[in-house]
Amino acid sequence: MQKNLRLPLWCCLRSALLLLAVGPLALMAQAQTFKLECEAEGIIAQLDNKKLPPAKVSIEIQNIGWHMYFNVVGPPDYQMRVSSLITEQYQGTNLSNASRLGANKKNKSNGHETQIVIDRATVSYSGYNDVDQRGKLVRIAYEGKCKLPA
5 MQKNLRLPLW CCLRSALLLL AVGPLALMAQ AQTFKLECEA EGIIAQLDNK KLPPAKVSIE
65 IQNIGWHMYF NVVGPPDYQM RVSSLITEQY QGTNLSNASR LGANKKNKSN GHETQIVIDR
125 ATVSYSGYND VDQRGKLVRI AYEGKCKLPA
């Protein structure tokens, strides 16, 4: 009877030790999100320079390996997701260097592009997003000034 109890106890202890050893490594793989709060303005040049109402947006930035991920959260016309990741559907490009952070994403099937660039010195952002509007491809250009978190 005592022999039978040792086997399950040993398996439980071994599993617990494995979780303690591997658990912190799993947490290291997760990217921390950096947020910028920005005042944004948008303009659609193809529609007689139609201006979008100014808006407050939040730009969430993640860096995983060599890839940059940007998520702009705000009113519907200002929302966009951009990454430098290359997939079957998208061609991504990392535009980051010593003076800026940025990425460009191009849809391989329809050619739509999305881009965002954040200047490190001025903490201002610019970008564009190709969208279908009234059956026509238009590019919404964005720019704005951001605040670093306190």
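In terms of the working numbering, the sequence shown opens at residue 5 and continues consecutively.
Quick reminder that beta carbons are idealized off the backbone N, C-alpha and C, glycines included.
Computed from a prediction, not measured in an experiment: that's the story for all the values here.
Between S62 and V77 a beta carbon distance of about 5 Å is seen, short of the 8 Å cut, so the two are scored as contacting. Here K109 is buried, its C-beta having at least 16 other C-beta atoms within 10 Å. Residue nearest to L105 within the set R124, I90, G115 and N133 is R124 (criterion: CA-CA distance). Check the Cα spacing between T91 and each of P79, N111, R143 and A59: the tightest is with N111.
For Q66, the CB contacts under 7 Å within the same chain, skipping 5 residues up- and downstream, are A35, T37 and Y73 in chain order.
Short of 6 Å from the beta carbon of K149, and not among the five residues preceding or following it, lie these beta carbons of its own chain, in chain order: E43 and S128. The stretch 92–129 contains no complete alpha helix (DSSP H) run of 4 or more residues.
A straight-line Cα-Cα distance of about 25 Å links K55 and N114. Taking the Cα of A59 as reference, the smallest distance to any Cα among E45, Q50, G69 and A49 is reached at E45. DSSP, read as helix, strand or coil, puts D136 in strand.
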